[in-house]
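Here the structure is laid out as structure tokens; the discussion comes afterwards.
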Amino acid sequence: MTTVGDIRGTVQDRRAVISLLRRLRSDEGQADPLPIWEGMRALGDVVRAPWGGYFVTGFEACSQVLRGRNWLVPDFAWQERQPDPERWQAPATREMTRTLPRLNAPTHTCQRRALGNPFDRTTLESIRPRVATLAAGLLDGLEERLRADGEADFVTTVAEQLPLLTVGDWLDIPPEHHAHILDFTHRQVYAQELLPTKSELAVSARATLEMRAYFTELIRQRRARPGNDVLTGWIHHWDAQYPDDRAAADQVIYDLTMFITIASLETSAVLLANAVWFLTQDPSRAAWLRRHPQHIDDAVEETLRYDPPVVVNSRVAADDTVLAGTPIAKDTTVHVLYGAAAHDPRRNPAPHLFDIRRGGGHLTFGGGAHYCLGAALARLEARELLTQVLERFPTLRPLEPPAYDTSRVVFRRITSLRVTA
Ligand code: HEM
Numbered sequence: 002m003t004t005v006g007d008i009r010g011t012v013q014d015r016r017a018v019i020s021l022l023r024r025l026r027s028d029e030g031q032a033d034p035l036p037i038w039e040g041m042r043a044l045g046d047v048v049r050a051p052w053g054g055y056f057v058t059g060f061e062a063c064s065q066v067l068r069g070r071n072w073l074v075p076d077f078a079w080q081e082r083q084p085d086p087e088r089w090q091a092p093a094t095r096e097m098t099r100t101l102p103r104l105n106a107p108t109h110t111c112q113r114r115a116l117g118n119p120f121d122r123t124t125l126e127s128i129r130p131r132v133a134t135l136a137a138g139l140l141d142g143l144e145e146r147l148r149a150d151g152e153a154d155f156v157t158t159v160a161e162q163l164p165l166l167t168v169g170d171w172l173d174i175p176p177e178h179h180a181h182i183l184d185f186t187h188r189q190v191y192a193q194e195l196l197p198t199k200s201e202l203a204v205s206a207r208a209t210l211e212m213r214a215y216f217t218e219l220i221r222q223r224r225a226r227p228g229n230d231v232l233t234g235w236i237h238h239w240d241a242q243y244p245d246d247r248a249a250a251d252q253v254i255y256d257l258t259m260f261i262t263i264a265s266l267e268t269s270a271v272l273l274a275n276a277v278w279f280l281t282q283d284p285s286r287a288a289w290l291r292r293h294p295q296h297i298d299d300a301v302e303e304t305l306r307y308d309p310p311v312v313v314n315s316r317v318a319a320d321d322t323v324l325a326g327t328p329i330a331k332d333t334t335v336h337v338l339y340g341a342a343a344h345d346p347r348r349n350p351a352p353h354l355f356d357i358r359r360g361g362g363h364l365t366f367g368g369g370a371h372y373c374l375g376a377a378l379a380r381l382e383a384r385e386l387l388t389q390v391l392e393r394f395p396t397l398r399p400l401e402p403p404a405y406d407t408s409r410v411v412f413r414r415i416t417s418l419r420v421t422a
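For the sequence shown, my numbering gives the first residue as 2, with consecutive numbering after it.
Structure (structure tokens):
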């Protein structure tokens, strides 16, 4: 009989998982992760991870983990209970453990309540014209490049820039600082990998110092010269919560500003680049959508489903439990595989078909208490950009498939998408 906490899965299964994960860090695996999701799901809904814990591959099981109250995020308290707590001592890892996706109730609840829904309908409507203008400006730049050189990189000219300009505008971050923010974001992200190497952690540590210096100074300046912006609002709120402890207020304001900014960049850039790649690699798709612009939101949802920008997310069992028939002991880690879940044929029939009208399900923005704070903003950016791309570039097409950063597993990054028109 299997008792809670037993190591399940055969040696062959574990070898298969290792080999699939290796493939994910290769050009071939990044270019087409679908066979990897197939391979993982073929091993079961809940698959033993080689280093302990489990991968969750089935849609229902992933949804249960993300939304269920008996699952927590791995916070500082959980790290300290582990047999090897030193594994989480790297400065870059500790920096991330203080942020929203690594906080549990009551601290998490308190921070999310204070933020409210920053992108409710009214706010989105007020932001929309500005996002449209920013997208139009970037597409002017794309047009110029295409005219001058006959080709352009859609990622560096548009997809990476729109999220940066949008979040920069929202938080009133000077445009001359944007390139620096994007640069440390790309390097900091390694601390959030599943098993970062020492050298990756060192890269992350340097980026973390730059990130801390940058946002600390930004907050100091905003305190000195308050504006009528979101960041000033956060400063007022947290100063009032900690009237006698400026350091505590500054810490929360830093954690929120830093994390919300970096969380909005690579993720949205992948969505925007993927949307253009999926639509233009088959010109009939773009042509169809041009004739049926009422389906632009559906195209965005199918892009989010087909290739989630966040690949893995981790939770830990709050108590001994059973997940899709697998007994899981309290404190065990499970890694939700968003792509495998979205390509589960039990939830999305013919899952590998990119079908704008499928009305399929995905978990790309997570679920439950930690549901992505910026989902509505990311969708708005995608909708505005796609609308204009379809109108302005009827013959836009990729010169080759996108290039990916192969050193990543947890966060996908498209490094370039060469296009012509
Ligand atoms: C396509 C773009 C995006 C994707 C795919 C994405 C995906 C995700 C995912 C998977 C999570 C974890 C959810 C969970 O644990 O259940 C998350 C959390 C989060 N996202 Fe996003 N995100 C995107 C854009 C954004 C943007 C634009 C912002 C900010 C403006 C943002 C801010 C956050 C924050 C603050 C959290 C932490 C929420 C919490 O733990 O309470 N994201 N996102």
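Virtual Cβ for every residue (Gly too), placed ideally from N, Cα, C.
From Asp308, Asp332, Gly360, Ile329, residue whose alpha carbon lies closest to that of Leu338
The residue given as residue 338 occupies position 337 in the sequence shown. Answer by Cα proximity: Asp308.
Proximity of Thr388 and Ile297 at Cβ, strictly below 8 Å:
Here the question's residue 388 lines up with position 387 in the sequence shown. Here the question's residue 297 lines up with position 296 in the sequence shown. Result yes, Cβ atoms of Thr388 and Ile297 sit closer than 8 Å.
Within 8 Å, do at least three Cβ pairs link the region 351-369 to the region 55-67?
yes
In whole angstroms, give me the CA-to-CA distance for Gln90 and Arg207.
For this step, residue 90 is matched to residue 89 along the sequence shown. For this step, residue 207 is matched to residue 206 along the sequence shown. So the two alpha carbons sit approximately 15 Å from each other.
Tell me the DSSP bridge mates of Ile415?
For the purposes of this step, residue 415 is taken as the residue at position 414 of the sequence shown. Answer is Tyr405.
DSSP-derived helix/strand/coil call for Arg49:
Residue 49 sits at position 48 when you count from the first residue of the sequence shown. In the structure shown, Arg49 sits in a strand (DSSP, three-state: E or B).
For Glu382, count the other beta carbons within 10 Å of its own beta carbon; 16 or more makes it buried, fewer makes it exposed. Which is it?
Working through the sequence shown from its first residue, we reach residue 382 at position 381. So Glu382 ends up on the buried side.
Let me know if His371 comes out buried or exposed under the rule of 16 or more other beta-carbons within 10 Å of its beta-carbon.
If you number the sequence shown from 1, residue 371 lands on position 370. Buried, by the Cβ-count rule.
How close, in whole Å, do the beta carbons of Pro310 and Leu272 come, if the pair is a contact with beta carbons under 8 Å?
As a position in the sequence shown, residue 310 is number 309, starting the count at 1. As a position in the sequence shown, residue 272 is number 271, starting the count at 1. Going by Cβ atoms, the distance from Pro310 to Leu272 rounds to 6 Å, so yes, they are a contact pair.
Does Pro294 pass the burial test, meaning 16 or more other C-beta atoms within 10 Å, or should it be called exposed?
Position 293 of the sequence shown, counted from the first residue, corresponds to residue 294. That one is exposed.
Simplified DSSP state of Thr3, which is helix, strand or coil
Here residue 3 refers to the residue found at position 2 when the sequence shown is read from its first residue. The predicted model places Thr3 with a pLDDT of 34, which falls under 50 and marks its position as unreliable; any figure quoted below should be read in that light. It is coil, neither helix nor strand.
So the candidates are Glu401, Val410, Val411; which of them puts its Cα closest to the Cα of Val420?
Here the question's residue 420 lines up with position 419 in the sequence shown. If we check each option's Cα against that of Val420, Glu401 comes out closest.
Look at the alpha carbon of Val411 and the alpha carbon of Arg95, and state the distance between them as a whole number of angstroms.
As a first step, residue 411 must be located in the sequence shown, where it is residue number 410. As a first step, residue 95 must be located in the sequence shown, where it is residue number 94. Rounded to whole angstroms, Val411 to Arg95 spans 17 Å at the Cα level.
Pro328 - partner residues in DSSP beta bridges:
Your numbering for residue 328 matches position 327 in the sequence shown. Paired residues: Val323.
So, at 7 Å on beta carbons, what are the nonlocal neighbours of Ala136 in its own chain, with the 5 sequence-adjacent residues on each side left out?
Your numbering for residue 136 matches position 135 in the sequence shown. Hits under 7 Å: Leu163, Glu385, Leu386, Gln389.
Using only the alpha-carbon positions, how far apart do Gln65 and Asp240 sit?
For the purposes of this step, residue 65 is taken as the residue at position 64 of the sequence shown. For the purposes of this step, residue 240 is taken as the residue at position 239 of the sequence shown. Rounded to whole angstroms, Gln65 to Asp240 spans 37 Å at the Cα level.
Going by beta carbon distance, what residues of the same chain come within less than 6 Å of Leu147, once the five residues before and after it are set aside?
If you number the sequence shown from 1, residue 147 lands on position 146. The residues are Ala153, Ala422.
If you measure from the beta carbon of Gln389 to each beta carbon in chain D, is any gap under 8 Å?
Within the model displayed, chain D is absent; a lone protein chain is all it includes.
Reference Ser205, options Thr217, Ala214, Val190, closest by Cα
Within the sequence shown, numbered from 1, the residue matching residue 205 stands at position 204. For Ser205, the nearest C-alpha among the options comes from Val190.
Only counting the same chain, and skipping five residues up and downstream in sequence, which positions put a Cβ closer than 6 Å to that of Ala318?
Numbered from 1 along the sequence shown, position 317 holds the residue referred to as residue 318. Ile329, Lys331, Thr333, listed in sequence order.
Leaving out five residues before and five after Arg188 in sequence, what residues of the same chain have Cβ atoms less than 6 Å from its Cβ?
For the purposes of this step, residue 188 is taken as residue 187 along the sequence shown, with counting starting at 1. Cβ neighbours of Arg188 beyond the five flanking positions: Val204, Ala208.
Compute the minimum distance between the beta carbon of Ala404 and the heavy atoms of the ligand HEM, and state whether it is under 7 Å.
Taking the first residue of the sequence shown as 1, we reach residue 404 at position 403. Result no, Cβ not under 7 Å from the ligand HEM.
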